[in-house]
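Student: Residue numbers (my numbering): 35 to 213. Cβ atoms here follow ideal geometry from the backbone N, Cα and C, with glycine treated the same way. Keep in mind that this is a model prediction, so the values were computed, not measured. Before anything else, here's the structure in question.
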Amino acid sequence: MRDITLLTIFDHRITQKYIKRSGMAHAIAAAYHAFTLSKQYNVNSDLATKAAFLHDIGHYTWYRDGKWDYELYKKNDIHAIKGAERAHKLLIRLGEHPAKAKKIALAILLHTDSYLPDGQLSLDPLQKVVALADEMDEEPNGNHHYRKVDDEKARLLIIKLDEQIDNELYQQDNQIASL
35 MRDITLLTIF DHRITQKYIK RSGMAHAIAA AYHAFTLSKQ YNVNSDLATK AAFLHDIGHY
95 TWYRDGKWDY ELYKKNDIHA IKGAERAHKL LIRLGEHPAK AKKIALAILL HTDSYLPDGQ
155 LSLDPLQKVV ALADEMDEEP NGNHHYRKVD DEKARLLIIK LDEQIDNELY QQDNQIASL
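See below:
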């Protein structure tokens, strides 16, 4: 059973503000990739999709002379740190179980090593799924953050993914019950 759905997260004003700023189309694509990868890595699809959907909620837009500056962003980026904090607070506010909110926040924190000076991360399976889901949708120079999706289509995609997650979790529960 899920505490909150992706749609609950999607509809919140904080999500709308920050995920739209970092790229709603990218967030949804990453969530879909995470759903697929969660099966391969035997990871809870609910946690994986939430973390992937929220993974860039901490982005700050780096501009120089009114134009996106990818190099400035790469040099000064700490979006994973800010995003983990912001996502955790949002999830708790919406009613996510604190232990699940922490797992999701840690996956967001560790989805990139861009903020570590020559760091090497050791990821658990959930964290690996979120990092891979993000990488699968990346485009050169951060262009994936600028793809557009209209609000209605985005909402429908989230509803569809929620249904897929519910079906997946239902099937898992039935398999456990039949053992």
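(1) For Ile48, collect the residues of the same chain with a Cβ closer than 7 angstroms to its Cβ; drop the 5 residues on either side in sequence, then sort them by chain order.
(2) Quick one, are the C-beta atoms of Val163 and Ala68 less than 7 angstroms apart?
(3) Which same chain residues, not among the five before or five after Ile192, have their C-beta less than 6 angstroms away from its C-beta?
(4) Quick one: is Arg120 buried, meaning 16 or more other Cβ sit within 10 Å of its Cβ, or exposed?
(5) Express the C-alpha separation of Ile91 and Ala61 in angstroms, rounding to a whole number.
(6) Tell me which same chain residues have a C-beta within less than 6 angstroms of the C-beta of Met170, skipping the five on either side of it?
(7) When you compare only the Cα positions, how much space is there between Glu130 and Lys136?
Tutor: Straight from the coordinates:
(1) Leu124
(2) yes
(3) Leu40, Leu41 and Phe44
(4) buried
(5) 9 angstroms
(6) His67
(7) 10 angstroms
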